[in-house]
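Visitor: I am attaching a structure below and will ask some questions about it afterwards.
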Amino acid sequence: MNPQLGVLAIYMPGRKLEELSFYRKLSMYGQKLGVDVFVFTPDDVDDNRTRIHALVYNKATRSWTRRWVGFPPIVYDRCRYHGADNYRKITRFRQKYTNLRYLSRPLANKWTVHCLLSENENIAPHLPSTVHYKSRKQLEQFLKKYPIVYMKPKSGTGGRGIVRLQRLRGSSGYLMQGRDANRRILPATKVPAAQIPTRLAGWGLQSKYIVQQGIPLELKDGRVHDFRMLVQKDGKGMWQVTGCAGRIGPPFSVTSNLHGGGTAISMETMLKNRFRTEETVKSIKETAYTLGIHIAQHLEAKFGTFCEAGIDLAVDPSGHVWLLEVNPKPSRDVFRLTGDLQTYRRAIRRPIEFALHLLEKKAAPKTDTNHLDLVPQSPQSESHQDPSV
Ligand SMILES: Nc1ncnc2c1ncn2[C@@H]1O[C@H](COP(=O)(O)OP(=O)(O)O)[C@@H](O)[C@H]1O
Ligand SMILES: [Mg+2]
């Protein structure tokens, strides 16, 4: 019998599941690699907690069918935040079933992740200056230091609730732009520094927001851009940069997220358009790749084993690479959208290959090194890059 990999999902209104087409592709690759993939939610566990009424993809009929299955040895948690009720369900499931191996894990909020990463001397130079919002005075001081400032909810996603403040030349005011909590683009307005918190009254600045040095990312046409890198564990348990692609925000947006209307472009094309020489492009790419690996290793040492991270990176006009955010449950769509199907397929395959690696290690007789992957990694233990990508 093939080993099983359970994808942990959550029902959306109408018992809909997010990412079903990704799960279908996972199932197909699973079949090729000898792993039975099924999808389930905490609601599909029977009352005796012994079986799961899971969704299994049937390749022949090209449809999902329900089947009773046992608990899988490995769980790929793909649940993103969809309201407090769903969040509680997932947390309860993970707390109840601690004996299962989880391929992915929730990381901490943006502020905690920033604080943890700033401990690492390889990563710290790539972190934009960031503070937790405290007061109007503190914000005013921060605004004096940096010509562009981003205010972001520390637990936000998809560009929601993000505001950019840009110092206006020859004026004491700031250009305020951004998106509200529902991701709607806010009309650009001119605001004196002292009035910014009043304009954002009700946004929960003190409890929810970080304030960050803004990286100038405007392209010639005024749209902003950044990069999304996918870092994954491979079939040997080594961290690899699976790929990295550029994203360009829609007009009048200060965020580049694909779900907010951003478009994808290859990293090479983006960098070649912005930087003159091949050497500069090569060196930026190398710095970004090494940084991606360092970030994954550092977070793994803090939180325990996980299989992948989506890392938002920015490259400023001088070529310096900055970290904007780390996502623990990344989409791989950016590679499909750039047409880099080889990377896209590899990005789907890798979690299955890593699951197989964990299962093989479990089955192998115990040696001293056998359980290395089960404990937090030392930052240097898995430094490895994939030059082929
Ligand atoms: N410090 C910054 N400087 C410039 N652009 C930023 C900065 N922080 C965020 N952005 C823009 O906003 C987008 C969303 O920010 P991010 O921190 O990734 O939050 P989210 O979780 O909402 O994706 C980024 O992809 C980037 O386009
Ligand atoms: Mg992001």
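Using our numbering, the first residue of the sequence shown is number 171, and each one after it goes up by one.
Cβ atoms here follow ideal geometry from the backbone N, Cα and C, with glycine treated the same way.
Note that the structure is predicted; figures quoted are calculated from it, not measured.
Could you give the residue range of the alpha helix (DSSP H) that holds His527?
Guide: Counting along the chain, the alpha helix (DSSP H) containing His527 begins and ends at 511–533.
Visitor: Just reading off the beta strand (DSSP E) that Arg484 is part of, what are its end residues?
Guide: For the record, residue 484 in the displayed sequence is Ala; it is not Arg. Note, Ala484: beta strand (DSSP E), 478–485.
Visitor: Taking its Cβ as the centre, do 16 or more other Cβ atoms sit within 10 Å of Asp217, making it buried, or is it exposed?
Guide: Exposed is the call here.
Visitor: Would you mind stating whether Cys414 and Met437 have Cβ atoms separated by less than 7 Å?
Guide: Taking 7 Å as the Cβ cut-off, Cys414 and Met437 qualify as a contacting pair.
Visitor: Measuring only the C-alpha atoms, how far is Asn292 from Asn279?
Guide: The alpha-carbon atoms of Asn292 and Asn279 are separated by roughly 21 Å.
Visitor: Comparing alpha-carbon positions, which option in Leu400, Arg369, Leu528, His252 lies nearest Met182?
Guide: The residue with the shortest Cα to Cα distance from Met182 is His252.
Visitor: Looking only at DSSP bridge pairs, what is Arg337 linked to?
Guide: Bridge partners of Arg337: Tyr344.
Visitor: Can you round the beta-carbon distance between Gln383 and Ser299 to whole angstroms, since I take them to be within the 8 Å contact cut?
Guide: That pair is a contact at about 4 Å.
Visitor: If I'm right that Gly407 touches Phe524 with Cβ under 8 Å, what's the distance once you round it to whole angstroms?
Guide: Yes, Gly407 and Phe524 are in contact; Cβ-Cβ is about 7 Å, under 8 Å.
Visitor: Below 7 Å between beta carbons: does that hold for Asn427 and Gly509?
Guide: Not closer than 7 Å, so no.
Visitor: Mapping DSSP to helix, strand and coil, what is Asn279?
Guide: Asn279: coil per DSSP, three-state reduction.
Visitor: Name the two residues that bound the continuous beta strand (DSSP E) containing Asn497.
Guide: Element bounds for Asn497: 491–497.
Visitor: Judging by CA-CA distance, which residue of Pro498, Thr457, Val485 is the nearest neighbour of Leu469?
Guide: With distances taken between Cα atoms, Leu469 lies closest to Pro498.
Visitor: List the endpoints of the continuous beta strand (DSSP E) containing Tyr227.
Guide: Counting along the chain, the beta strand (DSSP E) containing Tyr227 begins and ends at 222–228.
Visitor: For the candidate residues Lys314, Met171, Leu493, whose alpha-carbon lies nearest to that of Pro295?
Guide: The shortest Cα separation from Pro295 among Lys314, Met171, Leu493 belongs to Leu493.
Visitor: Identify which residue in Arg339, Gln410, Val239 has its Cα closest to the Cα of Arg520.
Guide: When only C-alpha atoms are compared, the closest one is Gln410.
Visitor: Under a criterion of Cβ closer than 5 Å to any non-hydrogen atom of ligand 2, which residues qualify, in chain order?
Guide: Qualifying residues, in the order they occur: Asp482, Glu495.
Visitor: Considering Leu400, what are the terminal residues of the beta strand (DSSP E) in which it resides?
Guide: 395–403 is the extent of the beta strand (DSSP E) around Leu400.
Visitor: Any heavy atom of ligand 1 closer than 6 Å to the beta-carbon of Tyr320?
Guide: Yes - ligand 1 has a heavy atom lying nearer than 6 Å to the Cβ of Tyr320.
Visitor: Could you pull the DSSP bridge partners for Ile435 from this structure?
Guide: Answer is Gly416.
Visitor: Consult DSSP for Thr261 and reduce its assignment to one of helix, strand or coil.
Guide: Residue state, collapsed to three classes: helix.
Visitor: So if DSSP puts Glu449 in a beta bridge, which residue, or which two residues, is it bridged to?
Guide: DSSP output for Glu449 lists no bridge partner at all.
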